[in-house]
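Only one structure is covered here, and it is reproduced in the block below.
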Amino acid sequence: ALLKRGKMVVHIIFAILLACVSRGSASPIDHPISPFAANYIVDGSDAEENAAPYQVSLQIDGNSTCSGSIVGDRWILTAEHCVPLLQFFSERSNNTRVVAGTNDLKKGGTPYFIDRFSNYDNCSTMLVHTFMFNSTPNDIALIRLTTPLKFNERVKKIEFTTETVPENATLTLTGWGQMRNGTSPAK
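Going by mature numbering (1 follows the signal peptide of the UniProt record, and there is no 0), the letters in the sequence shown line up with residues -26 to -1, 1 to 161, in that order.
Structure, rendered in structure tokens:
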């Protein structure tokens, strides 16, 4: 019964996330992109402390490889193209972590272990939608943590909206990307 309940919760969370993602008014990209392309955040700046308490860093050996958003006390929403590297290291050692509670990659935050990866049919600890590296559709995955996050002022779930985002709206993007000079920011 617990396994069936777990599967139902996973299905519900996944359905909610897909509904939230599909509500956006963005147009699909009609050309393939490379997962290794150098994309930059133009006019990006260091975030104030606690500006994005939903933001987490996905790390291997203490190095940030991707980021994600907190969507539940044990659930992180991320891009599927981040999964293969995390899965590779997670299966071979115990050095993959989700770090929550800081926007400074060099200090602070609380590390959480990622549950082992398994397929969706086995009530997976990581849900991966069908994704191909040469395109952007379905670049979405969920990561389940081994223990619940401790929510506080620095660690919170992301707030989803039910409203349609107006055309040409100003939005805020958070994450640790790559700067024009090829370096990665710490905050």
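Heads up, the beta-carbon is just placed ideally off N, CA and C, and yes, glycines get one too. Keep in mind the model is a prediction, meaning the values are calculated, not measured.
In chain order, what residues of the same chain lie with their CB nearer than 8 Å to the CB of Lys130, ignoring the 5 residues before and after it? Same-chain partners within the cutoff: Pro27, Tyr28 and Ile44.
In angstroms, rounded to a whole number, what distance separates the CA positions of Thr136 and Leu59? Their backbone Cα atoms lie some 33 Å apart in a straight line.
Measuring straight from C-alpha to C-alpha, what distance separates Glu54 and Arg48? Cα to Cα, the separation comes out at about 18 Å.
List the whole-angstrom C-beta distance separating Val72 from Ile117, where the pair is believed to meet the contact cut-off of C-beta under 8 Å. About 7 Å; that satisfies the 8 Å criterion.
So what does DSSP say about Pro140, is it helix, strand or coil? Here DSSP, grouped into helix, strand and coil, assigns Pro140 to coil.
Residue(s) in a DSSP beta bridge with Ala74: For Ala74, which the question treats as bridged, DSSP gives the partners Val30 and Thr84.
Beta-carbon spacing of Phe63, Asn69 below 8 Å: Closer than 8 Å, so yes.
In its own chain, which residues sit with a C-beta less than 7 Å from the C-beta of Asp113, not counting the 5 before and 5 after it? Hits under 7 Å: Ala53, Glu54, His55 and Phe105.
Out of curiosity, what's the CA-to-CA distance linking Ala115 and Val57? When rounded, the distance between both Cα atoms is 8 Å.
What's the gap between the Cα of Phe125 and the Cα of Pro140? So the alpha carbons of these two residues sit roughly 31 Å apart.
Could you pull out every residue in the same chain whose Cβ sits closer than 6 Å to the Cβ of Pro85, ignoring the five residues on either side in sequence? Within the same chain, Pro85 has close Cβ partners Arg71 and Val73.
To the nearest angstrom, how far is it from the Cα of Thr120 to the Cα of Leu79? In this model, Thr120 and Leu79 are separated by some 22 Å (Cα to Cα).
With 16 other Cβ atoms within 10 Å as the buried cut-off, status of Leu147: Classified as exposed, Leu147 has fewer than 16 neighbouring CB atoms from the shown chains inside 10 Å of its CB.
Where does the unbroken beta strand (DSSP E) through Arg118 begin, and where does it stop? That run of the beta strand (DSSP E) goes Ala115 to Arg118.
Using only alpha-carbon positions, find the residue among Thr39, Ala25 and Thr138 that is nearest to Ser31. Measuring from the Cα of Ser31, the nearest candidate turns out to be Thr39.
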